[in-house]
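Note sheet for the following structure.
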Ligand code: TXA
Ligand code: MG
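Numbering (the working numbering), first residue to last: 614 to 936.
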C-alpha cells in the first residue's frame with residue numbers, strides 16, 4: 614500500500630486494474646475501473662462484501678449520462694443538473710460502459726459525480742467511471758479520513774489518496790429513478806427537502822425497489838453497542854447502563870442541561886451539518902476509548918438530521934453476522 618497526494622499515480626493504478634482509495638465530500642471510496650469486471654471484482658474481495666451488492670459508479674463532471682445509463686427520464690436530467698457535483702446518487706437502468714460485476718449483475722446502476730476537488734481531479738485524469746463503495750470493511754462505519762481507510766483496509770488497497778477529512782461526513786443520498794415514482798433508498802448528504810423541491814415527493818423504498826444492501830440493519834455499526842434515543846431519554850438510559858463503560862454522543866448544548874451524567878461525554882456540534890460531519894469519527898473514537906455502550910441522542914428528522922438519525926438507528930439495529 615502506498616499513500617500520498619499523487620493523482621497521476623492513482624489514475625495509473627486504476628488503468629492497471631488496481632484499487633485506489635480516494636476522498637469524496639461524503640466519505641472515502643474504494644475505487645476501481647467501473648468498466649472492467651476484473652477490476653471491480655477486486656473491490657468485493659478487499660471489502661469482504663458479497664458480490665451481489667452493487668457499487669456506485671463515480672463520474673467526471675463532463676461525463677455523458679447516456680454512456681452510463683439508458684432509458685433516462687427527464688426528472689433525472691433535471692435533478693442532476695441541480696445536484697451534481699454533490700452528495701447525490703441516482704439509480705437508473707444500466708448503460709453500456711458499466712461492467713456487469715460493478716452492479717453485481719443488476720440491470721440498474723447507481724451514478725454520482727462527487728464534489729471533492731481531489732475526486733474530480735482523479736476522475737478527470739482517469740477519464741472513465743470509478744466504481745466505489747465506502748472504503749471500510751463490509752458493515753463497519755464508513756471512513757471519513759485517510760487514516761480510517763488505512764486502519765480498515767491496509768494492504769488490500771494499492772494506493773490511498775489523502776485528501777484530508779470529509780466535509781459532509783455521511784454517505785450520499787440515493788434516489789431511485791429507474792421506475793415511474795422517484796423513491797428515497799437511503800437518506801444522505803443531500804437533504805430530502807432539496808431533492809423534493811426539484812422532483813416532487815419521494816416515495817419510500819418498497820419491496821420492488823432495487824435492492825440497496827446499505828439498508829441492512831447491521832450496517833454502519835461500531836464495535837460498541839449503540840442505543841439511539843430521543844435526547845430527553847438519555848439520562849435514564851445512562852442510569853440503566855450502570856456498571857458498563859458508557860459514552861454519550863449528543864450535541865454539545867445538551868450536556869449543559871443534563872449536568873454530570875457519570876459517563877464519557879462525547880459532544881458533537883449543535884448544527885446538523887456539523888453533527889453529520891463528525892458522526893463517524895466520533896463512533897470510531899468512542900470504540901478506541903473502550904466504551905461498552907454508546908448512548909446517542911437522535912437529532913430532529915429534518916435536513917441532514919434524517920441521515921444522521923438513519924445511521925444511528927442502523928448502528929443500534931440488530932447485529933447479524935454480516936458486519
Ligand atoms: O457517499 C457515497 O455514496 C459513498 C462515496 C464513496 O461515494 N459511497 C457509498 O457506497 O456509500 P456504498 O457501496 O457503501 O453504498 C452504496 C449503496 C449500497 O447500499 C448499494 O446497495 C446501493 O448504494 N446501490 C448501488 N448501486 C445500486 C443499484 N443499482 N440499485 C440499488 N442500490 C444500489
Ligand atoms: Mg458503505
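Here a beta-carbon is modelled for each residue, glycine too, at the ideal position from N, C-alpha and C. All of these numbers come straight from a predicted model, not from anything done at the bench.
Asked                                                                                                                                                                       : Found
In angstroms with no decimal places, state the Cα-to-Cα distance between residue 703 and residue 793.                                                                       : 14 Å
CA-CA distance, residue 612 and residue 693?                                                                                                                                : No answer is possible for residue 612: the residues shown for the chain start at 614 and end at 936.
State the DSSP-derived secondary structure class of residue 841, mapped to helix, strand or coil.                                                                           : strand
Could you work out which residue in 745, 746 and 727 is closest to residue 737 when comparing CA atoms only?                                                                : 727
Should residue 866 be labelled buried (16 or more other beta-carbon atoms within 10 Å of its own) or exposed?                                                               : exposed
Quick check: the Cα distance between residue 701 and residue 707, rounded to an integer number of angstroms?                                                                : 17 Å
Specify, as a first and last residue, the run of the alpha helix (DSSP H) that residue 848 falls within.                                                                    : 847 to 853
Taking C-alpha atoms, which residue in 719, 735, 847 and 649 lies nearest to residue 642?                                                                                   : 735
Considering only DSSP beta bridges, list what residue 747 is partnered with.                                                                                                : 642
Among 841, 875 and 918, which one has its Cα closest to the Cα of residue 928?                                                                                              : 841
With burial defined as no fewer than 16 other Cβ atoms inside 10 Å of the residue's Cβ, what is the status of residue 713: buried or exposed?                               : exposed
In the DSSP assignment, find the unbroken alpha helix (DSSP H) run with residue 693 in it and report its ends.                                                              : 687 to 696
Following the continuous beta strand (DSSP E) through residue 772, name the residue where it begins and the one where it ends.                                              : 772 to 774
Say whether the stretch 777 to 797 touches the stretch 905 to 915, bearing in mind that this needs 3 or more beta-carbon pairs closer than 8 Å, one atom from each stretch. : no
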